[in-house]
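Trainee: So that we are looking at the same thing, I have put the structure below in structure tokens.
Now the structure itself:
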């Protein structure tokens, strides 16, 4: 039987981050994933300021800045009625006021490599079948690879298998249901791309938005996200909606008239709503999407995944130093997540309802064009570099009203 101090199920950003920071502290860690990397992953591919900050901690700043990945410094937001504002990502809110467009294929592979280089043992193509439980306590993980099952014993298990993962359920931990669905494809022959990420609000995209993220001067990641309840209620065909957006929607100043699909449309569910269920148990922590750590307003989850992985590693180290891996001891992790995400996510959910009020959003965007400080604040909120409640500060309310 194989063994380690910690086994991490899922080698996405949360799992790789946890593995890296654990290995750095000399903790024996095994990172497993059912897929072989590199592999494709449907995503908007955006790395915002908070994700960049953690990746710099992991020594990946030079890799990101190598010049091979498109860097955006501004946000362009367009309403259903054609109003728009453009704003730089405010430098006063972050030391990294920019945005990289990097495919999940590249991001996830590089993160796994980095965790491995730090000392984590990485097992690709290993599916987590079930936890090994003795006297109500997790003692390891049963995995399957090429039809053969094996067990890896551990003291602590980190569940980071994403929105579609079910491993937490085997451990008796409840998870929020997916709240949104997002899909994207890459398109070539796109004209007018600049240093902006482009966000479009439209009444045909219920409780969501469309995006155009530049990958190069002529190629873009184009997609959209909608709420699952509205998707079901209105019988939304998301592939058809993307085709409509590309072929019929006025996306100026971006010109999609000659845009050609370079890939198939691929999508994924998004599990939002952190805080409705606990993220720890005896010897178990949930990280990233498994814990519902996706921004309820934007659908962004990479930064939260990286941050939760780092925090999980810190709490695990503390638990080992105290010789206590009980749920009570691991509540330090839950408390940290609550402090950093719980209230912010509730406010993001409140703002998200505004996306469904297209008249209100048009007015907000018009006011953003008139008042640069309002556009800058909303941009910081979308980047998660400012508290979402700051949109309700008196100064911002005056901008919205006058």
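Numbering (the working numbering), first residue to last: 5 to 406.
Think of the CB as a built atom: it goes at the ideal place given N, C-alpha and C, for glycine as much as any other residue.
Here's a check: name, in chain order, each residue in its chain whose Cβ is nearer than 6 Å to the Cβ of residue 45, leaving out the five neighbours to either side.
Mentor: Excluding sequence neighbours, residue 45 sits near 108.
Trainee: Note the first and the last residue of the continuous alpha helix (DSSP H) segment covering residue 339.
Mentor: Start and end: 331-341.
Trainee: Distance check for residue 62 and residue 400, CA to CA, integer angstroms please.
Mentor: 36 Å
Trainee: Looking at the strands, I want to know which residues DSSP matches up with residue 183.
Mentor: DSSP, once it has assigned bridges, lists no residue as partnering residue 183.
Trainee: Which stretch, first to last residue, makes up the alpha helix (DSSP H) that contains residue 311?
Mentor: 306-326
Trainee: From what residue to what residue does the beta strand (DSSP E) around residue 223 run?
Mentor: Note, residue 223: premise wrong, no beta strand (DSSP E); not H, not E.
Trainee: Closer than 8 Å is the cut-off here; do at least three beta carbon pairs connect the stretch 128-146 with the stretch 48-65?
Mentor: no
Trainee: What number of angstroms, rounded off, separates the C-alpha of residue 218 from the C-alpha of residue 201?
Mentor: Whole-angstrom Cα-Cα distance: 7 Å.
Trainee: Does the stretch 17-35 touch the stretch 175-184, meaning 3 or more C-beta pairs lie closer than 8 Å?
Mentor: no
Trainee: With residue 409 as the anchor, note down where its alpha helix (DSSP H) starts and where it stops.
Mentor: As shown, the chain starts at 5 and ends at 406. That puts residue 409 outside it, with no answer to give.
Trainee: Between residue 205 and residue 83, how many whole angstroms is the CB-CB distance? I'm expecting something under 8 Å.
Mentor: 5 Å
Trainee: Whole angstroms are fine: how far does the CA of residue 152 sit from the CA of residue 93?
Mentor: 50 Å
Trainee: Assess, as a yes-or-no matter, whether the stretch 263-274 is touched by the stretch 178-198 under the definition of 3 or more beta carbon pairs within less than 8 Å.
Mentor: The stretch 178-198 is in contact with the stretch 263-274.
Trainee: Measure the C-alpha to C-alpha separation of residue 133 and residue 34 and round it to an integer number of angstroms.
Mentor: 15 Å
Trainee: Report the option in 263, 357, 111 and 203 whose CA atom is closest to the CA atom of residue 43.
Mentor: 111
Trainee: Use the C-beta contact count for residue 5: other C-beta atoms within 10 angstroms, 16 or more gives buried, fewer gives exposed.
Mentor: Result: exposed.
Trainee: For residue 295 and residue 283, I'd like the C-alpha separation in whole angstroms.
Mentor: 6 Å
Trainee: Which parts of the stretch 130-195 are runs of the alpha helix (DSSP H), unbroken and 4 residues or longer, counting only runs that do not cross its ends?
Mentor: 171-174, all fully within the stretch 130-195.
Trainee: Do you know offhand how far residue 167's Cα is from residue 213's?
Mentor: 20 Å
Trainee: Figure out for me which residue from 334, 392, 279 and 339 has the closest Cα to the Cα of residue 286.
Mentor: Taking only the C-alpha atoms, the option nearest residue 286 is 334.
Trainee: Does DSSP put residue 24 in a helix, in a strand, or in coil?
Mentor: Of the three classes helix, strand and coil, the one that applies to residue 24 here is helix, per DSSP.
Trainee: Check the C-beta distance from residue 52 over to residue 89 and give it rounded, since I have them as a contact under 8 Å.
Mentor: Contact flag wrong, Cβ pair sits at about 18 Å.
Trainee: Is the separation between the beta-carbon of residue 379 and that of residue 373 shorter than 8 Å?
Mentor: yes
Trainee: Name the one or two DSSP bridge partners that residue 395 has.
Mentor: Answer is none; residue 395 lacks a bridge partner.
Trainee: Excluding five sequence neighbours on each side, which residues of the same chain lie with their C-beta closer than 7 Å to the C-beta of residue 363?
Mentor: none
Trainee: With C-beta atoms as the reference, is residue 257 less than 8 Å away from residue 196?
Mentor: It is a contact, given that the beta carbons lie within the stated cut-off.
Trainee: Can you give me the C-alpha to C-alpha distance between residue 345 and residue 299, rounded to a whole angstrom?
Mentor: Residue 299 has its alpha-carbon roughly 9 Å from the corresponding atom of residue 345.
Trainee: Can you tell me the Cα-Cα spacing of residue 264 and residue 251, whole angstroms?
Mentor: 10 Å
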